[in-house]
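Q: Note that the sequence shown ends on residue 627 in our numbering; no numbers are left out. Each residue gets a CB set at the ideal place from its N, CA and C atoms; glycine is no exception. Quick caveat, the model's predicted, so the values are computed rather than measured.
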Amino acid sequence: DRWFLSGLQQIVEMNKELRTKKAEELTTDVLLRAKKLGFSDQGIGKLTGTDHRRVREMRKERGIEAHIAKIDTLAAEFPAETNYLYGTYHAQHSESAPSRKKKILVLGSGTYRIGSSVEFDWCCVNAAQAAQEQGYETIMLNYNPETVSTDYDVCDKLIFDEVSFESVLDVYEREQPEGVVVSMGGQVPNNLAIRLHRAGVKILGTSAEDIDRAEDRSKFSQLLDRLGVDQPKWAHLTDAEGAMDLVDQLGGFPVLVRPSYVLSGAAMSVAHEKNELLRILERAKAVNSEHPVVMTSFEMGAREIEVDAVADDGEMVLWAICEHVEDAGVHSGDATLMLPPQTIPLPIVHKARKVAAQLAKALRITGPFNVQLLGRQGEVRVIECNLRASRSLPFVSKVTGNNFVREAMKRMLGVREPITNHALDLDYVGAKVPMFSFPRLVGADPLLGVEMASTGEVGCFGDDAHEALLHGLLATGFRFPKKGVLLSLGPVSGKYSFTDEARSIVEELELPIYATAGTAEMLAQVGVPSTVLSKEESGEGSAVHCINEGKVDLVINVPKSYDEMGRPDGYAIRRRAVDAEIPLITDLMLARALVDAMRLRKGPSALKVLAWNDFLARKPMALR
Numbered sequence: 004d005r006w007f008l009s010g011l012q013q014i015v016e017m018n019k020e021l022r023t024k025k026a027e028e029l030t031t032d033v034l035l036r037a038k039k040l041g042f043s044d045q046g047i048g049k050l051t052g053t054d055h056r057r058v059r060e061m062r063k064e065r066g067i068e069a070h071i072a073k074i075d076t077l078a079a080e081f082p083a084e085t086n087y088l089y090g091t092y093h094a095q096h097s098e099s100a101p102s103r104k105k106k107i108l109v110l111g112s113g114t115y116r117i118g119s120s121v122e123f124d125w126c127c128v129n130a131a132q133a134a135q136e137q138g139y140e141t142i143m144l145n146y147n148p149e150t151v152s153t154d155y156d157v158c159d160k161l162i163f164d165e166v167s168f169e170s171v172l173d174v175y176e177r178e179q180p181e182g183v184v185v186s187m188g189g190q191v192p193n194n195l196a197i198r199l200h201r202a203g204v205k206i207l208g209t210s211a212e213d214i215d216r217a218e219d220r221s222k223f224s225q226l227l228d229r230l231g232v233d234q235p236k237w238a239h240l241t242d243a244e245g246a247m248d249l250v251d252q253l254g255g256f257p258v259l260v261r262p263s264y265v266l267s268g269a270a271m272s273v274a275h276e277k278n279e280l281l282r283i284l285e286r287a288k289a290v291n292s293e294h295p296v297v298m299t300s301f302e303m304g305a306r307e308i309e310v311d312a313v314a315d316d317g318e319m320v321l322w323a324i325c326e327h328v329e330d331a332g333v334h335s336g337d338a339t340l341m342l343p344p345q346t347i348p349l350p351i352v353h354k355a356r357k358v359a360a361q362l363a364k365a366l367r368i369t370g371p372f373n374v375q376l377l378g379r380q381g382e383v384r385v386i387e388c389n390l391r392a393s394r395s396l397p398f399v400s401k402v403t404g405n406n407f408v409r410e411a412m413k414r415m416l417g418v419r420e421p422i423t424n425h426a427l428d429l430d431y432v433g434a435k436v437p438m439f440s441f442p443r444l445v446g447a448d449p450l451l452g453v454e455m456a457s458t459g460e461v462g463c464f465g466d467d468a469h470e471a472l473l474h475g476l477l478a479t480g481f482r483f484p485k486k487g488v489l490l491s492l493g494p495v496s497g498k499y500s501f502t503d504e505a506r507s508i509v510e511e512l513e514l515p516i517y518a519t520a521g522t523a524e525m526l527a528q529v530g531v532p533s534t535v536l537s538k539e540e541s542g543e544g545s546a547v548h549c550i551n552e553g554k555v556d557l558v559i560n561v562p563k564s565y566d567e568m569g570r571p572d573g574y575a576i577r578r579r580a581v582d583a584e585i586p587l588i589t590d591l592m593l594a595r596a597l598v599d600a601m602r603l604r605k606g607p608s609a610l611k612v613l614a615w616n617d618f619l620a621r622k623p624m625a626l627r
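1) Mark K19 as exposed unless 16 or more other C-beta atoms lie within 10 angstroms of its C-beta, in which case mark it buried.
2) From the DSSP output, in three-state form, read off Q179 for me.
3) Let me check one thing: in DSSP terms, what residues is A426 bridge-paired to?
4) Where does R689 fall in DSSP's three states?
5) Out of M298, L366 and G66, which has the shortest C-alpha to C-alpha gap to R229?
6) Suppose the cutoff is 7 Å on Cβ atoms and the five residues either side in sequence are ignored; what does the same chain contact list for Q375 look like?
7) Less than 8 Å between the beta carbons of A323 and V445, yes or no?
8) For V258 versus M303, is the C-beta spacing smaller than 8 Å?
9) Between the alpha carbons of R652 and F7, how many angstroms are there, rounded?
10) Across which residues does DSSP place H327 in a beta bridge pair?
11) To the nearest angstrom, how far is it from the Cα of K63 to the Cα of V121?
12) Using the DSSP secondary-structure output, state which residues sit across from N373 in a beta bridge.
13) Could you tell me whether the Cβ atoms of K498 and M525 are closer together than 8 Å?
14) Would R595 and P449 be called neighbours here (beta carbons separated by less than 8 Å)?
15) Pick helix, strand or coil for I47, following the three-state DSSP scheme.
16) If I measure Cβ to Cβ from S507 and keep anything under 7 Å in the same chain, skipping five residues before and after, which residues do I get?
17) According to DSSP, is A269 part of a helix, a strand, or is it coil?
18) Using a Cβ-Cβ cut-off of 7 Å (strictly less than) and excluding sequence neighbours within five positions of T51, which residues of its own chain qualify?
19) Check each candidate in R5, A238, Q137 and S119 and name the one with the smallest Cα separation from N145.
20) Looking only at its own chain, which residues have a Cβ that is under 6 Å from the Cβ of D124, when we skip the five neighbours before and after it?
21) Would you list, in sequence order, the uninterrupted beta strand (DSSP E) runs of no fewer than 3 residues that lie entirely inside the region 61-104?
22) Does the separation of the CB atoms of G465 and K435 fall below 8 Å?
23) Less than 8 Å between the beta carbons of G573 and S491, yes or no?
24) Below 7 Å CB to CB, which residues in the same chain sit around Q630 once its five sequence neighbours on both sides are set aside?
25) Would you identify the three-state DSSP class for V297, choosing helix, strand or coil?
26) Indicate whether I516 and V531 have their beta-carbon atoms separated by less than 8 Å.
27) Taking the alpha carbon of Q45 as the reference point, which residue from H55, F223 and A37 has its own alpha carbon closest?
28) Tell me whether E136 sits in a helix, a strand or coil according to DSSP, three-state version.
If you want it as structure tokens, here you go:
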């Protein structure tokens, strides 16, 4: 289309023109044309070798500022009087003037992507509504038309613009709110906190310096050491040359590489050998070169625990603890969560709560925060702490009946009301189960790891963990197996831990088992019959051929080893299961929980269906 091509050509020509300019050569005409074409201050600065702050000063000195226009919701048929606004350099004046009311600015999560989705939209909407209840005018800055937060009837003003340093500062200077909420929209607005603070923006809730102490991996690890809070062995990585020495200090492979200030574990990876580690370090540098990388020992066989909480000036006032069904090593956004915890010993739960309270005090938290910990052998170790709303906050709010976001917002606005917390005394169980888009990602390995892959989730309830888990899985498209189960159970220790479940599949679920060689050998030793299959990618007698023949309708595949490139074995089996739309489980703990649940609830008809309100109406056990 020539119309669009012409517009793109103008952008290309402006890009070329800016590359030939120095700061002193940026005339008013050049700056205005660049801004009209959508170039940011940072983009102009990069092309001209000028600091973006200097670019901002220059254009403001010359009166080049974005005006606020109203989005026409009536297709020019009638005058549109809305609070649906956007910034533009093409207007001569603003169509919306700032009010004199006390107001706050809430930053949304921006575009949907893996790691930033509807959970944070829920948090932003509830934050805006909570502020309105306290008499504040609320301004929402977001630019995703899929979100509820970009429905202009949920706030007093909706500014449809990107969540960037420049646009936030423009809105802040124009509207003069009492503060900006960066803690509800996920990692994107949270990453802006320190820059906005340095530019004179008031951040509501936890201070920007304390957010930085938690986000910067090196600073946070040092803080834990000072507090005497246990954590996995760690080392601050400065260059790739010294990486192997640090691996030796940490006790050898596997190790976890953890960049700072990244979304959903981006570039976070587990390295099993040297070449894989070097590739991971290159990727981590490409994702975020401005912040340090920390390398930690990777804890095998530990259980992961999450604490979602609200604090007020360092005092934890509301909390809930979730347990990951999967072994540690699966990103929290991909993990299956149980609330209250079902298999974590109570002393571990209390230690996790105590550590969260310590961190709230040390980081002087006011607002929402999330702590992720490892539990093993009676001890807990801290993985990380996010001083913002987590993606599990809507889930814990629904399960407990306490709206964590609204309570956090009240505290951030200085409102202190008593809160009743019965997170451990629930008479039911909530399960949060992830959803994935692997069928659309042709060729991708559907194996979960420390970098998030899920694109959705469901929350379900049950009288016990079995019922809640099955409700959740069924809601994601899982089907009870009726034909057979394919097992490939990974390391020897994992194989033998699945003995009882394998026997249940044959004897109680009355399903045949097809197994790869090592797993079949283990099953034979314990007296469980199976049909032996190879791991070859094709050919009769292979696991892939078995799937193609329609003999199985559940695949449990746990990787056993990694090749010289760090790739886990069993890829062909996993990929074929996904392409054939057969339920796939790649974690042994989840597989055990699933088989146990199916053994006790033999089919969907055995599951009760109750409304959310019916569960919340039950009195906490502590009050009975």
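A: Once the coordinates are examined:
1) What you label residue 19 is simply residue 16 of the sequence shown in a count that begins at 1. Looking at its Cβ environment, which holds fewer than 16 other Cβ atoms inside 10 Å, K19 is exposed.
2) For the purposes of this step, residue 179 is taken as residue 176 along the sequence shown, with counting starting at 1. Coil at Q179, not helix or strand.
3) For the purposes of this step, residue 426 is taken as residue 423 along the sequence shown, with counting starting at 1. BP columns for A426 are empty, so no partner.
4) Because residue 689 is not part of the residues shown, which for the chain are 4 to 627, the question remains open.
5) The sequence position of residue 229 within the sequence shown is 226, counting from 1. Closest in C-alpha terms to R229, from the list M298, L366 and G66, comes L366.
6) Locating residue 375 in the sequence shown gives position 372, where the first residue counts as 1. So the list reads E307, E309, S335, I386 and E387, once near-sequence residues are dropped.
7) Translated into positions along the sequence shown, residue 323 becomes position 320. Translated into positions along the sequence shown, residue 445 becomes position 442. With a cutoff of 8 Å on beta-carbon distance, A323 and V445 are scored as not near each other.
8) Sequence index remark: in the sequence shown, residue 258 carries index 255 (1-based). Sequence index remark: in the sequence shown, residue 303 carries index 300 (1-based). At a Cβ-Cβ threshold of 8 Å, V258 and M303 do not count as neighbours.
9) For residue 652 there is no data in the structure shown, the boundaries of the chain being 4 and 627.
10) Stepping through the sequence shown from its first residue, residue 327 is reached at position 324. DSSP, once it has assigned bridges, lists L340 as partnering H327.
11) The residue labelled residue 63 in the question sits at position 60 within the sequence shown. The residue labelled residue 121 in the question sits at position 118 within the sequence shown. The straight-line gap from Cα to Cα measures roughly 36 Å.
12) Stepping through the sequence shown from its first residue, residue 373 is reached at position 370. According to DSSP, which records beta bridges pairwise, N373 is partnered with D311 and N389.
13) As a working mapping, residue 498 is identified with position 495 in the sequence shown. As a working mapping, residue 525 is identified with position 522 in the sequence shown. Going by beta carbons, K498 and M525 fall inside the 8 Å limit.
14) As a first step, residue 595 must be located in the sequence shown, where it is residue number 592. As a first step, residue 449 must be located in the sequence shown, where it is residue number 446. Not closer than 8 Å, so no.
15) Taking the first residue of the sequence shown as position 1, residue 47 is located at position 44. I47 falls in the helix class under three-state DSSP.
16) Within the sequence shown, the letter at position 504 stands for residue 507. Setting aside the 5 residues that flank it on each side, S507 is surrounded in the same chain by V598 and R602, each with a C-beta closer than 7 Å to its C-beta; the list follows chain order.
17) The count along the sequence shown starts at 1 and reaches residue 269 at position 266. Any reading at A269 must be qualified, since the residue scores a pLDDT of 49, below 50, and its modelled position is unreliable; the value itself is stated next. In this structure, A269 counts as coil in the three-state DSSP scheme.
18) As a position in the sequence shown, residue 51 is number 48, starting the count at 1. Closer than 7 Å at Cβ, skipping near neighbours: L21, K24, K25, A26 and L29.
19) Numbered from 1 along the sequence shown, position 142 holds the residue referred to as residue 145. Ranking R5, A238, Q137 and S119 by Cα distance to N145 puts S119 first.
20) Sequence index remark: in the sequence shown, residue 124 carries index 121 (1-based). Excluding sequence neighbours, D124 sits near T150, V151 and S152.
21) As far as the region 61-104 is concerned, its whole beta strand (DSSP E) runs of at least 3 residues are 70-73 and 87-91.
22) Position 462 of the sequence shown, counted from the first residue, corresponds to residue 465. Position 432 of the sequence shown, counted from the first residue, corresponds to residue 435. No. Outside cutoff.
23) Within the sequence shown, the letter at position 570 stands for residue 573. Within the sequence shown, the letter at position 488 stands for residue 491. When the beta-carbon positions are compared, G573 and S491 come within less than 8 Å of each other.
24) Lying outside 4 to 627, the shown extent of the chain, residue 630 is not represented and no answer is given.
25) Within the sequence shown, the letter at position 294 stands for residue 297. Strand.
26) Locating residue 516 in the sequence shown gives position 513, where the first residue counts as 1. Locating residue 531 in the sequence shown gives position 528, where the first residue counts as 1. Cβ distance < 8 Å, so I516 and V531 count as in contact.
27) Your numbering for residue 45 matches position 42 in the sequence shown. Residue H55 is the option with its Cα nearest to Q45.
28) Locating residue 136 in the sequence shown gives position 133, where the first residue counts as 1. In this structure, E136 counts as helix in the three-state DSSP scheme.
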